[in-house]
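Heads up, the thing below is written out as structure tokens.
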Amino acid sequence: MRIPLIDPKDLTDEQKPLYDDMKAGIASNFNAFTAMREDGALMGPWNPWLTEPRIGKAIWDLTKVMSMEARLPPKAREIAILVTGAHFNSAYEIYAHVAVAEAKGISEQQLATLVAGVKPTGLQGEEEAAYDVAHALVTGSVLPRPTYDMAVRTFGKDGAAELIYLVGLYCMVSMTLNGFNVPVPEEEA
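Counting in this note's numbering, the sequence shown runs from 3 upward without gaps.
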């Protein structure tokens with residue numbers, strides 16, 4: 003880890019309101035995995051964002067909109083996020099969103115396949131559309147017209163746009179986690 007976790011007692015005046023907002027958001031929306039140390043220090047992408055509050059606040063505001071006001075079906079969201087995390091081999095993102103995906107009912111077999119960077123068998127409808135869009139985007143090409151049209155048919159125009167933005171956001175999350183070498187929390191024995 004390239005940035006030490008910030009102890010809440012060491013927060014600057016600029017960091018404190020962002021920390022409070024992140025802590026509340028984590029408690030209400032990111033509680034399927036470990037995101038906070040016992041002393042309240044934020045883990046995952048939140049610590050780097052908190053380290054640079056001017057940039058971190060902007061990313062956090064986007065994250066809140068994309069998470070707390072999400073319109074995409076939960077399984078489709080998690081599939082798109084895991085496709086992105088697997089593409090970038092982002093350990094914390096995979097760790098966190100496997101936990102969320104399990105809670106949303108995505109099977110162990112599908113999760114194992116997704117995090118291996120392969121399309122699981124048995125995806126249909128919304129889940130397949132989310133996979134296809136995310137996979138096409140993270141492989142670095144223009145989203146093919148048939149794939150975009152399928153997303154619009156499946157999720158509507160606004161939903162297709164939300165899916166594209168979601169993949170973009172989680173590319174940024176992956177880069178944050180990988181760039182700062184953010185580890186997966188150690189599990190207690």
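We treat Cβ as the ideally placed atom computed from N, Cα and C, and that holds for glycine.
Drop a sphere of 10 angstroms on the beta-carbon of residue 109, count the other beta-carbons inside from all chains shown, and report buried for 16 or more, exposed for fewer. exposed
Endpoints, alpha helix (DSSP H) assigned at residue 176: 147-181
Report all residues from its chain with a CB closer than 8 Å to the CB of residue 7; omit the five preceding and five following residues, and keep chain order. 39, 43, 44, 45 and 49
Quick check on DSSP: helix, strand or coil for residue 68? helix
Given a threshold of 16 other Cβ atoms within 10 Å of its Cβ, counted over all protein chains shown, does residue 163 qualify as buried or as exposed? exposed
Where the alpha helix (DSSP H) through residue 16 begins and ends: That residue, residue 16, is in no alpha helix (DSSP H); it is neither H nor E in DSSP.
Does residue 44 come out as helix, strand or coil in the three-state DSSP assignment? strand
Among 3, 47, 16 and 104, which one has its Cα closest to the Cα of residue 28? 47
Taking 8 Å as the threshold (C-beta atoms), are residue 62 and residue 3 in contact? no
Measuring alpha carbon to alpha carbon, tell me which of 15, 11 and 59 ends up nearest residue 41. 11
If we count the other Cβ atoms within 10 Å of its Cβ and call it buried at 16 or more, is residue 133 buried or exposed? buried
Just tell me which of 130, 76 and 111 has its CA closest to the CA of residue 155. 130
Alpha carbon to alpha carbon, how far is residue 15 from residue 144? Give it in angstroms, no decimals. 43 Å
Suppose the cutoff is 8 Å on Cβ atoms and the five residues either side in sequence are ignored; what does the same chain contact list for residue 68 look like? 164, 167, 168 and 171
Inter-residue spacing [alpha-carbon to alpha-carbon] between residue 203 and residue 73: This structure does not reach residue 203, given that the chain is present from 3 up to 191, and the question cannot be answered.
Beta-carbon within less than 7 Å of residue 85's beta-carbon, same chain only, minus the 5 sequence neighbours each way: which residues are those? 116, 133, 136, 137 and 140
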